[in-house]
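Chemist: Mind having a look at this structure? Questions to follow.
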Ligand code: 3HC
């Protein structure tokens, strides 16, 4: 058996302030996670409307916690007080850790990392919550590849405990360890993984989700029957179509395309129904329609 190692990761960097780039479901959830754990969070989006959407998402979640008696009004106010929104990336110049949660598109993320390299203070950790893209590629856009790491949150970020801490060959061990310690500080359960398309969870999960769509397309069962069969058999909280609607069909399509590009197995091409739903703007819960309607 492997020798027992010291399993308590340490913060190797001072971390008091967090920056989040993005205003979608993941970004909003990640802002909430850090603010609820007591960190000051600066979040950056492309418009005031999108920034307002982050506050609306978090307020709704905090209101639900208040209604359940898990949080009081003072607690809610102090979480919201820790938030600073900005439409200018320059607002991230002073933060200790930036977590990027923008579109799952390599060119868009590359441009952001080049900009973060210009803006972030020396020694800041530059983290991405990409679901499947290469950490090494994003790190190579910067003059500080050692400071770039993956912190992959799961959806919904305020609820799901798991985070994957993804190290590229270039990631400094201290940065990876700090990312792990920080995840523990915000109540998450980090696992370390290599910089391989899909990391651990999505590399295993998405072939199954794509197969579920093909099974349905080929007459294997209705959406409800397949969802029910999996929930009852595997004791999972959601069936494949319910989960696809939570993740977002646009995100799922991008992940499946990355996996095909990286591993190219026969039969892995995105299922036609997934492509059609994305083309029709039926992205899942966030648009109130996907495989199911909401
Ligand atoms: N945001 C914040 N909190 C939420 C929430 C949301 N969107 N949805 C539910 N919650 C909270 C509730 O407030 C409740 O909190 P409490 O325990 O403190 O009262 C708790 O979660 C349970 O909620 P409910 O009782 O209303 O609902 P369920 O028991 O049905 O749980 C669920 C909802 C947690 C979403 C559950 O169905 C689940 O775990 N589903 C699977 C999710 C999953 O597997 N996600 C991973 C997808 S893969 C991924 O993200 C990778 C990416 O790269 C694509």
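Residue numbers (full-length UniProt numbering): 97 to 390. The beta-carbon is built from N, C-alpha and C at its ideal position, and this holds for glycine as well. The model shown is predicted, which means the values in this text are computed figures rather than measured ones.
Give the secondary structure of residue 246 by DSSP, where H, G and I count as helix, E and B as strand, and everything else as coil.
Modeler: Translated into the one-based positions of the chain shown, residue 246 becomes position 150. Residue state, collapsed to three classes: strand.
Chemist: Secondary structure at residue 294, three-state DSSP: helix, strand or coil?
Modeler: Working through the chain shown from its first residue, we reach residue 294 at position 198. Residue 294 falls in the coil class under three-state DSSP.
Chemist: Hey, would you say the C-beta of residue 407 is under 7 Å away from at least one heavy atom of ligand 1?
Modeler: Here the chain covers residues 97 to 390 and nothing more, so residue 407 does not appear.
Chemist: Taking the DSSP output, what are the residues bridged to residue 136?
Modeler: Counting from 1 along the chain shown, the entry for residue 136 is found at position 40. Per DSSP, 113.
Chemist: So for residue 354, helix, strand or coil by DSSP?
Modeler: What you label residue 354 is simply residue 258 of the chain shown in a count that begins at 1. The answer is helix: DSSP assigns residue 354 an H, G or I state.
Chemist: Return the chain-ordered list of same chain residues with a C-beta closer than 7 Å to the C-beta of residue 386, the five sequence neighbours on each side being excluded.
Modeler: The sequence position of residue 386 within the chain shown is 290, counting from 1. Excluding residues within five positions, the ones whose Cβ falls inside 7 Å are 340, 341, 345, 373, 378, 379 and 380.
Chemist: Compare the C-alpha of residue 155 against each of 171, 144, 109 and 142 and name the closest.
Modeler: Within the chain shown, numbered from 1, the residue matching residue 155 stands at position 59. With distances taken between Cα atoms, residue 155 lies closest to 171.
Chemist: From 285, 276, 237 and 164, pick the residue whose C-alpha is nearest to that of residue 109; which is it?
Modeler: Taking the chain shown and counting its residues from 1, one reaches residue 109 at position 13. Among 285, 276, 237 and 164, the Cα nearest to that of residue 109 belongs to 276.
Chemist: Residue 260 and residue 282 - do their beta-carbons sit closer together than 8 Å?
Modeler: Translated into the one-based positions of the chain shown, residue 282 becomes position 186. Translated into the one-based positions of the chain shown, residue 260 becomes position 164. Result no, Cβ atoms of residue 282 and residue 260 do not sit closer than 8 Å.
Chemist: Out of curiosity, what's the CA-to-CA distance linking residue 331 and residue 145?
Modeler: Working through the chain shown from its first residue, we reach residue 331 at position 235. Working through the chain shown from its first residue, we reach residue 145 at position 49. About 39 Å.
Chemist: Going by alpha carbons, who is nearest to residue 169 out of 178, 158 and 299?
Modeler: Locating residue 169 in the chain shown gives position 73, where the first residue counts as 1. Minimum Cα distance to residue 169 is reached at 158.
Chemist: Report all residues from its chain with a CB closer than 7 Å to the CB of residue 312; omit the five preceding and five following residues, and keep chain order.
Modeler: Stepping through the chain shown from its first residue, residue 312 is reached at position 216. Contacts found: 319 and 322.
Chemist: Please say whether residue 140 and residue 115 have beta carbons closer to each other than 8 Å?
Modeler: Position 19 of the chain shown, counted from the start, is the residue given in the question as residue 115. Position 44 of the chain shown, counted from the start, is the residue given in the question as residue 140. Their beta carbons are under 8 Å apart, which means residue 115 touches residue 140 by this criterion.
Chemist: Taking only heavy atoms of ligand 1 into account, decide whether any of them is closer than 7 Å to the Cβ of residue 129.
Modeler: Residue numbering aside, residue 129 sits at position 33 when the chain shown is read from its first letter. No.
Chemist: Please tell me whether, using a cut-off of 7 Å, the distance from the CB of residue 351 to the nearest non-hydrogen atom of ligand 1 is below it.
Modeler: Translated into the one-based positions of the chain shown, residue 351 becomes position 255. Yes; taking the cut-off as 7 Å, the Cβ of residue 351 has a heavy atom of ligand 1 nearer than that.
Chemist: Classify residue 152: buried if its beta carbon has 16 or more other beta carbons within 10 angstroms, exposed otherwise.
Modeler: Here residue 152 is taken as the residue at index 56 of the chain shown, counted from 1. So residue 152 counts as exposed.
Chemist: Closer than 7 Å: is that where the CB of residue 40 sits relative to any heavy atom of ligand 1?
Modeler: Because the chain is modelled from 97 through 390, residue 40 falls outside the range shown and cannot be assessed.
Chemist: Our contact map puts residue 179 next to residue 137 with C-beta atoms below 8 Å; I'd like the distance itself, whole angstroms only.
Modeler: Sequence index remark: in the chain shown, residue 179 carries index 83 (1-based). Sequence index remark: in the chain shown, residue 137 carries index 41 (1-based). That belief holds up - the Cβ atoms of residue 179 and residue 137 are roughly 6 Å apart, short of 8 Å.
Chemist: Going by DSSP in three states, residue 218 sits in which element: helix, strand or coil?
Modeler: Counted from its first residue, the chain shown places residue 218 at position 122. In this structure, residue 218 counts as coil in the three-state DSSP scheme.
Chemist: Assuming residue 245 and residue 225 make a contact with CB atoms under 8 Å, what is their CB distance in whole Å?
Modeler: If you number the chain shown from 1, residue 245 lands on position 149. If you number the chain shown from 1, residue 225 lands on position 129. About 11 Å separates the two Cβ atoms, so there is no contact after all.
Chemist: Determine the direct distance from the alpha carbon of residue 309 to that of residue 198, and round the result to whole angstroms.
Modeler: Here the question's residue 198 lines up with position 102 in the chain shown. Here the question's residue 309 lines up with position 213 in the chain shown. So the alpha carbons of these two residues sit roughly 26 Å apart.
Chemist: What do you get for residue 368, buried or exposed, if any count of 16 or more other CB atoms within 10 angstroms of its CB means buried?
Modeler: Along the chain shown, read from residue 1 onward, the residue named residue 368 stands at position 272. Its Cβ having fewer than 16 others within 10 Å, residue 368 is exposed.
Chemist: Hey, quick one: how far does the alpha helix (DSSP H) through residue 324 stretch, first residue to last?
Modeler: For the purposes of this step, residue 324 is identified with residue 228 of the chain shown, where counting begins at 1. Counting along the chain, the alpha helix (DSSP H) containing residue 324 begins and ends at 319-330.
Chemist: Rounding to the nearest angstrom, what Cα-Cα distance links residue 181 and residue 147 in this structure?
Modeler: Mapped onto the chain shown, residue 181 falls at position 85. Mapped onto the chain shown, residue 147 falls at position 51. If you take the alpha carbons of residue 181 and residue 147, they lie about 6 Å apart.
Chemist: Hey, would you say residue 247 sits closer than 8 Å to residue 175, going by beta carbons?
Modeler: Walking along the chain shown from the start, residue 247 turns up at place 151. Walking along the chain shown from the start, residue 175 turns up at place 79. It is not a contact, given that the beta carbons lie outside the stated cut-off.
Chemist: What residues match up with residue 261 in a beta bridge as DSSP calls it?
Modeler: Within the chain shown, numbered from 1, the residue matching residue 261 stands at position 165. DSSP output for residue 261 lists 247 and 288 as bridge partner(s).
Chemist: Of all the alpha helix (DSSP H) runs that stay within the bounds of the stretch 154-235, which reach a length of 4 or more residues?
Modeler: Qualifying alpha helix (DSSP H) stretches, in chain order: 169-177, 202-215 and 231-235.
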